[in-house]
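Undergrad: Protein sequences, first through last, are from chains A and B.
Take 1 as the starting number for the first sequence in UniProt numbering and just add one per residue.
Take 1 as the starting number for the second sequence in UniProt numbering and just add one per residue.
All C-beta atoms, glycine included, are put in the ideal place defined by N, C-alpha and C.
Here the structure is a predicted model, which means the values were calculated and not measured.
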Amino acid sequence: MNIVVLMKQVPDTESELAINDDATGIDSEDVKMAINPYDEFAIEEALLIKEKDGGGTVTLVSVGPDTVPEAIRVAYAMGVDHAVHVNDEIDEGVYGGADAFTSAKIIVAALKDIDYDLIIAGNRAVDGDNYQVPAHVAEMLGLPLVSAVVHQEISGDAITCKKLIEGGTATVRTSLPAIITAQKGLNEPRYPAFRAIMKAKKKDFDELELDDLGIDEKSVGAAGAFIKIRKLELAPARTGGRIIEGASPAEKAAALVKLLREERQVI
Amino acid sequence: MAQGVAVIAEYGNDGFRKISLEAVCEGKRLASELGQNLTAVVLGAEVAEGAAELAKYGADRIIVADDAQLKSFQAEPYANVLAAILQETEPSMVLMGATANGIELGARVAAKLQVGLANECTGFSLENGRLVATRPLYGGRVIAEVDIEGTPQMASVRPNMMKIEENEVPVEISRFAVDTGEVKVELLEENVVVSSKVELTEADYVISGGRGMNGDDFAILEELADLLGGAVGASRNAVDAGWRPHSDQVGQTGKVVSPKLYLACGISGAMQHTAGISTSNTIVAVNNDPDALIFRVADYCIVDDLFEVVPAITKEIRAIKG
Ligand SMILES: Cc1cc2nc3c(=O)[nH]c(=O)nc-3n(C[C@H](O)[C@H](O)[C@H](O)COP(=O)(O)OP(=O)(O)OC[C@H]3O[C@@H](n4cnc5c(N)ncnc54)[C@H](O)[C@@H]3O)c2cc1C
Ligand SMILES: Nc1ncnc2c1ncn2[C@@H]1O[C@H](COP(=O)(O)O)[C@@H](O)[C@H]1O
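(1) Please classify R195 (chain A) as buried or exposed, where buried requires at least 16 neighbouring CB atoms within 10 angstroms.
(2) Specify the secondary structure class of G97 (chain A) as computed by DSSP and reduced to three states.
(3) What residues in the region 105 to 122 of chain A bring their beta carbon closer than 8 Å to a beta carbon of chain B?
(4) With 16 other CB atoms within 10 Å as the buried threshold, where does Y191 (chain A) fall?
(5) In chain order, what residues of the same chain lie with their CB nearer than 8 Å to the CB of A225 (chain A), ignoring the 5 residues before and after it?
(6) Beta-carbon separation of G168 (chain A) and V192 (chain B) under 9 Å?
(7) For ligand 1, which residues have a Cβ under 5 Å from at least one heavy atom, in chain order?
(8) Give, in chain order, every residue of the region 40 to 68 of chain A whose Cβ lies closer than 9 Å to some Cβ of chain B.
(9) Between A121 (chain A) and ligand 2, is there a pair consisting of the residue's CB and a ligand heavy atom that are separated by less than 8 Å?
(10) Can you tell me which residues form a DSSP beta bridge with Q9 (chain A)?
(11) Just curious, the beta strand (DSSP E) that M93 (chain B) is in, first and last residue?
(12) Rank A:N130, A:I159, A:G79 and A:Y131 by C-alpha distance to the C-alpha of residue 281 (chain A) and give the top, closest one.
(13) Buried or exposed, going by whether 16 or more other CB atoms sit within 10 Å of the CB of E139 (chain A)?
(14) Just the Cα atoms here: how many angstroms apart are G116 (chain B) and A178 (chain A)?
(15) Could you compute how far the alpha carbon of P249 (chain A) sits from the alpha carbon of E172 (chain B)?
(16) Could you tell me which of B:L34, B:N288, B:A98 and B:A59 sits nearest to D304 (chain B), measuring between CA atoms?
(17) Using three-state DSSP, classify K231 (chain A) as helix, strand or coil.
(18) May I ask which residues mark the beginning and end of the beta strand (DSSP E) holding G64 (chain A)?
(19) From L141 (chain A) to C121 (chain B), what does the alpha carbon distance come to, in whole angstroms?
(20) Could you tell me if V5 (chain B) is buried or exposed, where buried requires 16 or more neighbouring beta carbons within 10 angstroms of its beta carbon?
(21) In whole angstroms, what is the alpha-carbon distance linking G246 (chain A) and E233 (chain A)?
(22) Using a Cβ-Cβ cutoff of 7 Å, what residues of the region 202 to 227 of chain B are near chain A? List them in chain order.
(23) Based on DSSP bridge pairs, tell me the residues matched to C121 (chain B).
(24) Using only CA atoms, which one of B:L70, B:S32 and B:K28 lies nearest to E10 (chain B)?
(25) Rounded to the nearest angstrom, what separates Y95 (chain A) and G181 (chain B) at their Cα positions?
(26) Tell me which residue opens and which closes the beta strand (DSSP E) that E145 (chain B) is part of.
(27) Quick one: which residues of the region 163 to 176 of chain A get their C-beta closer than 7 Å to a C-beta of chain B? List them in chain order.
(28) So V309 (chain B) and A253 (chain A) are in contact, right, with Cβ under 8 Å, and what is the actual spacing, rounded?
(29) Which parts of the region 173 to 244 of chain A are runs of the alpha helix (DSSP H), unbroken and 4 residues or longer, counting only runs that do not cross its ends?
(30) For I244 (chain A), which residues in the same chain have their Cβ closer than 8 Å to its Cβ, ignoring the five residues on either side in sequence?
(31) Here's a check: name, in chain order, each residue in its chain whose Cβ is nearer than 6 Å to the Cβ of Y76 (chain A), leaving out the five neighbours to either side.
(32) With a CB to CB cut of under 7 Å and the five nearest residues on each side skipped, what residues in its chain are close to E33 (chain B)?
(33) For E262 (chain A), count neighbouring C-beta atoms within 10 Å of its own C-beta (all shown protein chains included) and say buried if the count is 16 or more, exposed if not.
(34) Tell me the residue span of the beta strand (DSSP E) that contains S155 (chain A).
(35) Assuming contact is defined by CB atoms lying nearer than 9 Å, are V250 (chain B) and L200 (chain B) in contact in what I supplied?
(36) What did DSSP end up calling E92 (chain A) once you bin it into helix, strand or coil?
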């Protein structure tokens, strides 16, 4: 079974964010980057399937800027066999305004030369929370898509998945090749061992430019996107941090409820 | 030429979901400003009768796709039917609720129609007859204003952001002939818990517990949530410990909530948690560690033992409510 994992590198949740000068992107200079957490579930599931299968390869495909190779190293250390990085960095240090549609276009072009039975993506990327790249990829490739998967079982060329729906779960079945997206609960991603991390540093990966895939720069990035960013700003800080004083828990509770009623009018 | 606003409304077990009414009312506001009609679209089985309720919130026209094949939510048939409805009726913009099902459906339809979809929007404005959306990014740390290309422009609305107002108008109801098209994913089984409690993402009051709860007994939180007509949430640590189901998890790998009041009890306030609460109106934290990070995002902070404070809050509110 050959599996492709779609991985996006996103700013580490704990790193400070700054907006660039024309307020259309995040200044990536000092931002620490990490694998999108849902894509860690995707990588882990691919590795589990491969281990159970006793064969096949796990190939990672990632579209993103110059920093993506750091994430590829982590994925290699986890056990991924091969990786393809499509570099879509248009302006130095600034994400090029890509959206789900343009990212999917590039991913689909990169998949042309890869053999796969199953594609695993994340349920969403926690930078833009678009929830859309897998749907575009599925539509462009005519593949069945199962989103928000928390359990899967493959038998022959069928895959049966338990997925989250509003208020519960559904069990569905489709035939391979297919795309599934990983939801929390699917698995617990492994931590790579030290030796694997050292070994991963020396492993090759494919580095492609848009040109190599025959993609015109003007058809992707902000120019080709359906969602165009006009303006970004940092969210205003919360009014914050008022400590409720009182001699006892009961006094504090009473003071709080008074404030919630009078100052906030939420009760 | 494309004209008018369409809103996809989700019909649940006991009527329309609150977020759907919010989306309908926002759709009405936009349609009025444009001087155009509001069309509500309802998909499901045996929903035709209930659908008429939407006239109360300003729908000029209601289109129902009522068919036994649409009894359970399944992304593919729902998307095939919805895409056909939008192609035939040609609205210039489409809103829906940012529910788990809504987000899945929206992505499929946007991919099919090759149009832009802005998810989890918190506000809208109009410019030259086109929709401009505001949406949070990076776990609520950044706010974006975006243009949505293509027609129809699509957007999903984050719960608890829009006002519900009654605005009854005469309505025309029509049925759309359902053709579910090619369906590649087969539904084998469904397990939906019908609960009388409010859904976490739609609750006005969310009372959440973390590792500080020290076990799976969340009774004091449930009591307060019940009193307020709210819902109980949890941190990932509480979920991973097996104290609460994943569907209760708030945060980056859980749900986003925007209640009037978010009460965090025994939660340290990691960024991955606060990513799920940034659009809450008021945040209160109860934690016995004065240095807990949660106090940096909370509007009101109580440094004390949650097992003493939470019952005292409940008692205080009960006294007021009589
Ligand atoms: C990829 C990734 C995704 C994640 N996604 C999420 C997510 O979606 N949601 C989420 O919540 N977390 C998420 N996390 C985990 C997150 O980083 C934190 O580890 C988690 O939120 C901590 O949970 P907690 O606050 O309950 O526990 P702790 O950090 O252990 O905090 C417990 C708190 O309780 C207080 N306390 C203890 N006893 C009492 C008492 N009697 N009275 C009052 N206070 C008391 C303590 O002072 C402490 O502050 C994620 C992490 C990663 C790496
Ligand atoms: N630039 C990208 N490169 C590779 N995979 C991506 C990219 N963007 C999104 N994906 C995949 O699509 C999933 C959903 O992303 P999104 O639609 O952006 O929320 C992610 O979890 C990834 O698996």
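TA: The short version:
(1) exposed
(2) coil
(3) none
(4) exposed
(5) G97, A98, D99, F101 and T102
(6) yes
(7) A:P37, B:G210, B:R211, B:G212, B:S235, B:R236, B:N237, B:G251, B:Q252, B:T253, B:G254, B:G266, B:I267, B:S268, B:A270, B:Q272, B:H273, B:N287, B:N288, B:D289, B:A292, B:D305 and B:L306
(8) F41
(9) yes
(10) A:I35
(11) M93 to G97
(12) Outside the shown range of chain A, which is 1 to 267, sits residue 281 (chain A), and nothing can be said about it.
(13) buried
(14) 24 Å
(15) 57 Å
(16) B:N288
(17) strand
(18) V58 to G64
(19) 29 Å
(20) buried
(21) 38 Å
(22) none
(23) B:V157
(24) B:L70
(25) Because Y95 (chain A) carries a pLDDT of 48, less than 50, the predicted location of this residue cannot be relied on, and the following value inherits that uncertainty. Their Cα atoms are separated by approximately 38 Å.
(26) V142 to I148
(27) L164, I165, E166, G167, G168, T169, A170, T171, V172, R173 and T174
(28) 6 Å
(29) 194 to 200 and 221 to 224
(30) K252, A255, L256 and L259
(31) A200 and K203
(32) L126
(33) exposed
(34) L145 to S155
(35) yes
(36) Confidence in E92 (chain A) is poor, its pLDDT being 48 and thus under 50, which makes the residue's placement unreliable; the coordinate value appears in the next sentence. In this structure, E92 (chain A) counts as coil in the three-state DSSP scheme.
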